[in-house]
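Contents: one structure, followed by commentary.
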Amino acid sequence: MGAAEPSLGRRRGGRGAAAHGLRVLGAAALLVLALGAFTPLASLANIWMAGSGRLEPAQAIVVLARGGADADGVLTNSSLRRTMHALDLYRRGLAPLIVFSGGIAEGGAEARLRAQLARGLGVPADAVEIGPAARTTRDEARGLAARLHGRGIRRILLVANPIDMPRARGVFARVGFTVLPAPTAASGPSQPEDRLALLTDIGVELLGLVYYRLAGWL
Amino acid sequence: MRSLVVLALVVATSLAAVAIGARGLGLDRRALRGAGARALEWAGLATLFLAANVAVGALVILALRALTGASISVYLASDRVLVLLSALQATIFQAWRASRP
């Protein structure tokens, strides 16, 4: 390559505009990458999306599904964090019942594993319940409304990841629950790799939020 | 701390590469600007491939859900391996573009 060799687009004349667009897009992508990895941007977004938790007495603690379980029956990191957070809320006496959601069939693997874990850690069997089958957060909200409203349960502590909370809170409120948000730790990671992973999750969640709004589910 | 270490590593190896390229391989330092522009084009292409992969994946999943009722997580379309594969797609596509006479 010679000293004055232009980039691909400039060399090919008519394709210069496309190449320029690609360079702008590439620069923007690298800027986002750098800001995401080396600044607290993702953590700040995490905190902002979590909103203010309301850890007050409720009728039930609802733990949303997240990530399922591996083939060897181990809960994913997010699922386990939510489960442990729910157990902490229960131990603090904020609600007499924990409802674990998760799984496409009644008693799906994620919810079943979470319930086993809770019972194994000393929560009475009658204080642990497995939610109905659900594919999406909206399905979870509708299924739990159908099951819990009939028993007079409307005031719930909702356990979800911070970034999931705006959509989850909205869709549960929409089906008639009084939602007390109980997000898992919202401070966010401090390592570049984990920050980028969080940034990716935030991007996906924002797309989900837009989809739910367009579908009229919020 | 870890961020600083990562940045310091990249800066150090980049400076070493420039020194080796210029002195050891006889490369022209003025060509670095063009190389940087091509790298930005590559990054832009990779971003486009990633956006296309995620969008197409999400649409296919939503269509399958609607048509078959199957339970398929939309998160499948956001697997982080897609970033690496999109970068590979961009590398091949850019080399292909460069081969055009």
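As you go down the protein sequences, you meet chains A and B in turn. Counting along the first sequence from 1, when you hit position 32 you're at 31 in numbering that gives the first Met the number 0, and nothing is skipped either side. Counting along the second sequence from 1, when you hit position 21 you're at 20 in numbering that gives the first Met the number 0, and nothing is skipped either side. Heads up, the beta-carbon is just placed ideally off N, CA and C, and yes, glycines get one too. Computed from a predicted model, the values in this text were never measured in an experiment.
Unbroken alpha helix (DSSP H) stretches of 4 residues or longer found wholly inside the segment 106 to 194 of chain A: 108 to 119, 136 to 147, 164 to 173, given in chain order.
With 16 or more other CB atoms across the displayed protein chains lying within 10 angstroms of its CB, W41(B) is buried. For R137(A), not one C-beta of chain B is nearer than 8 Å to its own C-beta.
Along the length of the segment 58 to 98 of chain B, whole alpha helix (DSSP H) runs at least 4 residues long occupy 80 to 97, reported in chain order.
Residue contact with chain B for V203(A): present (Cβ-Cβ distance below 8 Å to some residue of chain B). Minimum Cα-Cα distance from A68(A) among the listed residues W47(A), L112(A), L96(A) corresponds to L112(A). Rounded to whole angstroms, the Cβ separation of A64(A) and E139(A) is 7 Å, and the two are in contact under 8 Å. When DSSP reads this structure, F99(A) sits in a beta bridge with V62(A), I129(A).
For G43(B), the chain A residues whose C-beta falls within less than 9 Å of its own C-beta are A18, G20, L21, R22, V23, L24, G25, A26, A27, A28, listed in chain order. By the neighbour-count criterion, in which a residue is buried when 16 or more other Cβ atoms sit within 10 angstroms of its Cβ, H84(A) is buried. Rounded to the nearest whole angstrom, the CA to CA distance from P95(A) to A145(A) is 19 Å. The Cβ atoms of T177(A) and R153(A) sit closer than 8 Å to each other.
Nearest in C-alpha terms to V158(A), of all of S51(A), A16(A), P188(A), L30(A), is S51(A). Here A57(A) carries a coil assignment [DSSP, helix/strand/coil].
Residue-level contact by beta carbon fails for V59(B) and chain A, as no gap is shorter than 8 Å. Following the DSSP letters along the chain, one finds V31(A) inside the alpha helix (DSSP H) bounded by residues 15 to 37. If you ignore the 5 residues before and after Y211(A), its C-beta comes within less than 6 Å of the C-beta of R166, L217, all in its own chain and listed in chain order. A70(A) is not a Cβ neighbour of L197(A), given a cutoff of 8 Å. Contacts between T199(A) and chain B, judged by CB atoms closer than 7 Å, involve S77, R79 in chain order. Taken atom to atom, the span from the alpha-carbon of I155(A) to that of A36(B) is near 54 Å. The Cβ of L39(B) sits closer than 8 Å to at least one Cβ of chain A. Distance from A49(A) to P188(A) at the Cβ level is roughly 14 Å; contact not present, criterion being Cβ atoms closer than 8 Å. Within its own chain, the residues whose Cβ lies closer than 7 Å to the Cβ of G66(A), once the five positions on either side in sequence are excluded, are T75, S77, S78, listed in chain order.
DSSP places T12(B) inside the alpha helix (DSSP H), whose first and last residues are 1 to 18. A straight line joining the alpha-carbon of P191(A) with that of F37(A) spans about 6 Å. The beta carbon of F99(A) does not come within 8 Å of any beta carbon belonging to chain B, so the residue lies off that interface. What A196(A) touches in chain B, judged by beta-carbon distance under 9 Å, is R79, going in chain order. Among the residues facing chain A, V5(B) is included, as its CB has a counterpart in that chain under 8 Å away. Judged by beta-carbon spacing, A126(A) lies within the 8 Å limit of I97(A), meaning their Cβ atoms are closer than that value.
Here the alpha carbons of W47(A) and P161(A) stand approximately 8 Å from one another.
Around Q190(A), the beta-carbon contacts reaching into chain B at under 7 Å are R1.
Residue pairing of L40(A) in beta bridges, as defined by DSSP: absent, with no partner found. A68(A) sits in a strand when the DSSP states are folded into three classes. S100(A) and T136(A) have their alpha carbons spaced roughly 10 Å apart.
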